[in-house]
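Here the sequence shown is numbered in UniProt numbering, starting from 1 and rising by one per residue. C-beta atoms are modelled at their ideal positions from N, C-alpha and C, and glycine is treated no differently. First the structure, in the form of structure tokens, and then the observations on it.
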Amino acid sequence: PINSSTYQPINLCVLRGELLYLSSYKNTMVIKINPQCPEIELIKKAALSLKEGNPLIFPTDTVYGLGANGIDPGAIRKLFEIKKREETKPFALLIGKRDDVYKYCKNIPPLFFVLTKRFWPGALTVVMDTLAIVPKELLGEGSGVALRMPDSKVALALLKQAGVPIAASSANFSGGIDPAIVDDISDKLMDMVPFVIDGGRCPGVPSTVVDLRGGVLKILREGAISAEEINRVAY
């Protein structure tokens, strides 16, 4: 289990006029962010914590995510422990730029560029063959990494400030509801991370997941983008 004693309680404080508050959480700082114009100075503290290996909760263009440093095996293991998730079930890897795909994937098919030209940034997760830099802890039982570039100013600012990709899943315990607002998230889960970024309401619909390995399109999960729309763009 996560040793919450490693997280030092943070006192109530004000940074550049914005209130950072603890609410009732022993070791968690909740940061209210403007989703349309994220305050970078407020994000930096959470981004540094993430880069150093700590998990956090943050908004995306789908649902609230539970994330960690995506190239830190220890940080990824923390996500499994927190979510009580089987290690055979992989996490997605969020990236800040489409060109980042070259850092983490090989055998990139032309179909990737067709689909991401239309749907990135956005609610499309793409599974492709992985390079060795991606920790095996991220992959579950498979050999593919699930990449996504979110269409969220807050998530993209967090990625930029952290300087690392984010291993992410929905901010719930395995089998729980997909949270659209911070109030949907379990208090127990909130108290297991040092930072929560509150960016208001997310759409509340998970991403669509496609597998492009071998250059063949397979729709693994239909979410915010319909299978019909995926097929129309692909073919």
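| Item | Value |
| --- | --- |
| Would you kindly check if the distance between the Cβ of TYR104 and the Cβ of ILE133 is under 8 angstroms? | yes |
| Taking 8 angstroms as the cut-off, does the stretch 32 to 48 touch the stretch 183 to 193 (at least 3 CB pairs, one atom from each stretch)? | no |
| Let me know the beta strand (DSSP E) ranges lying completely inside the stretch 41 to 110, each 3 residues or longer, listed in chain order. | 56 to 58, 65 to 69 and 92 to 94 |
| Can you find the residues in the same chain that come closer than 6 angstroms, C-beta to C-beta, to LYS160, ignoring five residues on each side of it along the sequence? | GLY96 |
| Does the stretch 168 to 181 touch the stretch 52 to 68, meaning 3 or more C-beta pairs lie closer than 8 angstroms? | yes |
| Going by the CB atoms, is the gap between PRO150 and LEU94 shorter than 8 angstroms? | yes |
| Which value, in whole angstroms, describes the spacing of the CA atoms of ARG148 and LEU115? | 12 angstroms |
| Could you check where the beta strand (DSSP E) with MET29 kicks off and where it finishes? | 29 to 32 |
| Which first and last residues belong to the beta strand (DSSP E) in which VAL154 is found? | It is not in any beta strand (DSSP E) - VAL154 instead sits in the alpha helix (DSSP H) that spans 153 to 162. |
| If you follow the beta strand (DSSP E) that LYS218 is part of, which residue opens it and which one closes it? | 218 to 221 |
| By Cβ distance, which residues of its chain are closer than 8 angstroms to GLU222, with the 5 residues on each side in sequence left out? | THR208 |
| Which value, in whole angstroms, describes the spacing of the CA atoms of GLY199 and ILE181? | 8 angstroms |
| Could you work out which residue in ARG213, ASP211 and LEU138 is closest to ASP72 when comparing CA atoms only? | LEU138 |
| Alpha carbon to alpha carbon, how far is ASP129 from VAL145? Give it in angstroms, no decimals. | 6 angstroms |
| For a quick check, are the C-beta atoms of PRO55 and LYS153 less than 8 angstroms apart? | no |
| Taking all protein chains shown into account, decide if SER226 is buried (16 or more other Cβ within 10 angstroms of its Cβ) or exposed. | exposed |
| With ASP178 and GLY204 assumed to form a contact (beta carbons below 8 angstroms), what rounded beta-carbon distance in angstroms separates them? | 6 angstroms |
| When you compare only the Cα positions, how much space is there between ARG118 and ASN34? | 26 angstroms |
| Looking only at its chain, what residues have a beta carbon closer than 7 angstroms to the beta carbon of LEU217, apart from the 5 residues adjacent to it on each side? | LEU111, VAL210 and ALA234 |
| Report the start-end ranges of each beta strand (DSSP E) in the stretch 119 to 153 that is 3 residues or longer and not cut off at the edges. | 124 to 129 and 144 to 148 |
| When burial is assigned at 16 or more other CB atoms within 10 Å of the CB, is SER49 buried or exposed? | buried |
| Count the other CB atoms within 10 Å of the CB of PHE80; is the residue buried (16 or more) or exposed (fewer)? | buried |
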